[in-house]
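Protein sequences, first through last, are from chains B and Z.
Here the numbering used here = 1-based position in the first sequence + 19.
Here the numbering used here = 1-based position in the second sequence + 6.
Glycine included, every Cβ here is placed at the ideal spot set by N, Cα and C.
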Amino acid sequence: MKNKLILSGCVIIAVLILLAIFAPLISPYSPEKIDVENILSSPNRAHILGTDSLGRDLFSRMVYGTRVSLQVGLVAVGVSLTIGLLFGSLAGYCGGRVDNLIMRFVDIMLCFPSFFLLLTMVAFLKATIFNIMLIIGLTSWMGIARLVRAEVLSIKEKDFVRYASSMGLSNFKIVAKHILPNALPPVLVAAVLGMGGAILTESALSFLGLGVQPPTPSWGNILMEGKSVIDIGWWLTLFPGLAILITVLGYNLLGEGIRATRCTLHATG
Amino acid sequence: MFPYFLKRILNLIPVFLGITIISFAIIHLAPGKPSYLQGMDPRISAEAREQLVKLYNLDKPICVQYLNWLKRLVKLDFGNSFTDGRRVSTRIKERLPITLLINILAMGVIIAFALPIGIISALKPGGLFDKWTTFFVFIGFSLPGFWLALLLMLFLGIKLNWLPISGIRSFNYAQLSFWGRGLDLAKHLILPISVAAFGGLAGFSRYVRGNMVNVLAQDYIRAAYAQGISKKTIICKYAFKNALLPLITILGLSIPGLIGGSVIFESIFAIPGMGRLFYNSTMARDYPVIMGILVIGAALTLLGNLLADLCYAWADPRIRYN
């Protein structure tokens, strides 16, 4: 069962990565090529997923959109992982006042409805792809920080850590070399699930017109453009949404698969 | 109960101060610090800039700025909107009730559906019902809420023409009878509420299932079985109550997600609520309104969490006395 989860997740993600890398080879048209002869044509042999209101080929645009989504997942999670690991291990290892201060900060950040925080930051910064990824990362590290803290708290009492500190290892080395590697598996699960979450967030932002800006194609902004012609061009709403669903499903399957494997490992070993 | 209540209230103060500090920091996050007003956004008029300088005392030292801002904040004075010049607090006040209504109803829907789904699938883990719900939970976690809204709009609204797809009132609202108005409002709210509830439903039914499975494995349940108490009594009377307890906290924690989600469904369904106001303000870079909603959104979350904690303490004495 869990191997099936991991396998199907991996297959979905691998296909997406291939699509992203070989986008110029796979897409039959340029994603930004306007074709006034073929405005809003429904899926047919020349345009397998149809065209949008500027006559651009939907399939080609979606293939290029894969690049944005995968990139957002990676970079946003990279940012939240960095902050979460730093704060979580500091809080867990130092304890006391540092722990109190950091965890209060986490509590406060969790009080902001995340989408409000996102939109506020978008309003103050320019909506470039990089900024969007940064902002998503900056507003989603709290869960990882809590997780890392809990792991560090339980690991730092183990004998091998006590041994390492009695050998006079520096605090930094103890945390980086002995504690964090052991705390990593659950963090990995959170990171994989976080990638799916980040992709969902980016698509919602782009759908609202506040994320990736046209003409750069992203699944979210294709949906935004499709909304205005929803009664004629159903394909502009159906396919990009399906792409988001399948992608996020891929990450979720992989994440849950890893989690399930870990649980059985703990139970049997 | 009262000492616990007092303690929780006192705990809120630093968190609330933290919220204001972070909100204040975000104002200053814009590149170039106080001088960010120059040429930051061409859509802001010179007059509006002047107003912003005055509102935040941008010509004074930073701690003075913060204290002044905090003083106004306590009086709910967020200044005037850039777009129409009206007070921010008035604008938010008109928009808040419909957003709260939809969120509270959505929460009701989540509870009404998630409880039976979670409990039935917990009775037979790995059974047919459990497998299907697991499948749907996976889909639910991965489905973009706004896409679901679009699909529902397309099928139920446009293709079948069963439900209205925008606003909260029909054009002939004024001529309708009392019941007609209620029905009209209900019809307009069905889609937004289902979309708002959907996001929480998957997660919540998972939690119910998890809690119920844990409780059913406890010794006291086995003891009850051994005494020959009927399965129905055990599940409804003994297991259900204990499985329900931790859910109060989860419900409290889901508030920010719900409120945040209102931006999306309110702008899709053109509902004149706080989320749509926020969206429009973001598009227009109407900073006083943005800051007002950000702080109020956080304060609402804080209030919701407090309420959840108090409910928990009321339901579970162990919390109160520890």
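Please confirm if Thr26(Z) has its CB atom under 7 Å from at least one CB of chain B.
no
Considering only residues of the same chain and omitting the five flanking positions on each side of Val267(B), which have a CB-CB separation below 7 Å?
Gly215, Ile218, Leu219
Opening and closing residue of the alpha helix (DSSP H) in which Cys130(B) lies:
115 to 130 is the span of the alpha helix (DSSP H), which, as asked, contains Cys130(B).
Could you check how far apart the C-beta atoms of Gly298(Z) and Val94(Z) are, in whole angstroms? I think they sit under 8 Å.
4 Å
Is the shortest distance between the beta-carbon of Thr139(B) and the beta-carbons of chain Z less than 7 Å?
yes
Please report the straight-line C-alpha distance between Arg291(Z) and Ala223(Z), rounded to a whole angstrom.
54 Å
Among Leu166(B), Leu59(B), Arg123(B), whose alpha-carbon lies nearest the alpha-carbon of Gly107(B)?
Leu166(B)
Could you name the residues of the segment 286 to 311 of chain Z whose beta carbon sits closer than 7 Å to any beta carbon of chain B, in the order they occur along the chain?
Thr288, Arg291, Ile296, Ile299, Leu300, Gly303, Ala304, Thr307, Leu308
Run through DSSP, which three-state label would Thr139(Z) get?
helix
C-beta atoms of Val214(Z) and Ala120(Z) nearer than 7 Å:
yes
Using CA coordinates, which residue listed in Lys23(B), Asp76(B), Gly84(B) is at the minimum distance from Ile36(B)?
Gly84(B)
Check whether Val80(Z) and Ala155(Z) have beta carbons under 7 Å apart:
no
Other residues of its chain near Gly38(Z): CB distance less than 6 Å, five sequence neighbours each side excluded:
Any reading at Gly38(Z) is ruled out, since the residue's pLDDT is 44, under 50, leaving its predicted position unreliable.
Considering Leu2(Z), what are the terminal residues of the alpha helix (DSSP H) in which it resides?
Limits of chain Z in this structure are 7 at one end and 328 at the other, which puts residue 2(Z) out of reach.
Under the three-state DSSP convention, the category Asn86(Z) falls into:
strand
Between Pro132(B) and chain Z, is there a C-beta pair that is closer than 7 Å?
yes
In the DSSP assignment, find the alpha helix (DSSP H) that holds His194(Z) and state where it starts and stops.
184 to 222
Out of Ser222(B), Leu242(B), Val208(B), which one is the CA nearest neighbour of Val275(B)?
Correcting the residue type first, residue 275(B) is Glu in the shown sequence and not Val. Of the listed residues, the one whose Cα sits closest to Glu275(B) is Val208(B).
Is there a Cβ of chain B sitting closer than 7 Å to that of Ser236(Z), yes or no?
no
Name the residues in the segment 251 to 277 of chain B whose C-beta lies less than 9 Å from a C-beta of chain Z; which are they?
Trp253, Thr256, Leu257, Pro259, Gly260, Leu261, Ile263, Leu264, Ile265, Thr266, Val267, Leu268, Gly269, Tyr270, Asn271, Leu272, Glu275
Output needed in chain order: residues of the segment 213 to 230 of chain B with a Cβ under 8 Å from some Cβ in chain Z.
Gly215, Leu219, Ser222, Ala223, Phe226, Leu227, Gly228, Leu229
Beta-carbon of Ala169(B) versus every beta-carbon of chain Z: anything under 7 Å?
no
Which of the residues in the segment 228 to 249 of chain B, read from start to end, lie with their CB under 7 Å from any CB of chain Z?
Leu229, Leu242, Lys246, Ile249
Quick check: the Cα distance between Gly269(B) and Gly92(B), rounded to an integer number of angstroms?
If I take the Cα positions, the gap works out to 12 Å.
Which residues, taken in chain order from the segment 53 to 78 of chain B, show a beta carbon closer than 7 Å to some beta carbon of chain Z?
Under the 7 Å Cβ criterion, the segment 53 to 78 of chain B contributes no residue.
Taking the alpha carbon of Val231(B) as the reference point, which residue from Leu26(B), Leu255(B), Phe149(B) has its own alpha carbon closest?
When each option's Cα is compared against that of Val231(B), the closest is Phe149(B).
If you draw a straight line from the C-alpha of Val87(B) to the C-alpha of Tyr285(Z), how long is it?
Between the alpha carbons of Val87(B) and Tyr285(Z) lies a distance of about 23 Å.
Which of the residues in the segment 147 to 168 of chain Z, read from start to end, lie with their CB under 8 Å from any CB of chain B?
Residues passing the 8 Å Cβ filter: Phe147, Ser148, Leu149, Pro150, Gly151, Phe152, Trp153, Leu156, Leu157, Met159, Leu160, Ile164.
Show which residues of chain C have a CB atom less than 7 Å away from the CB atom of Gly124(Z).
In the structure shown, chain C does not exist; the protein chains are B and Z.
Helix, strand or coil for Thr70(B)? Go by DSSP, reduced to three states.
Per DSSP, reduced to three states, the secondary structure at Thr70(B) is strand.
Of all Cβ atoms in chain B, is any one closer than 7 Å to the Cβ of Gly45(Z)?
Low confidence applies to Gly45(Z): its pLDDT is 48, below 50, so where it sits in the model is not reliable, and the reading given next is rough at best. Taking Cβ atoms only, chain B never reaches closer than 7 Å to Gly45(Z), which makes this a no.
Could you check if Asn86(Z) is buried or exposed, using at least 16 other CB atoms within 10 Å of its CB as the buried criterion?
Buried.
Excluding the 5 residues preceding and the 5 following Gly310(Z) in the sequence, name in chain order all residues of the same chain whose CB lies nearer than 7 Å to its CB.
Gly258, Ile261
Identify whether Asp315(Z) lies in helix, strand or coil by the three-state DSSP scheme.
Residue state, collapsed to three classes: helix.
Residues of the segment 93 to 121 of chain B whose Cβ lies closer than 7 Å to any Cβ of chain Z, in chain order:
none
Distance cutoff 7 Å, beta carbons only. Does Ile171(Z) sit that close to anything in chain B?
no
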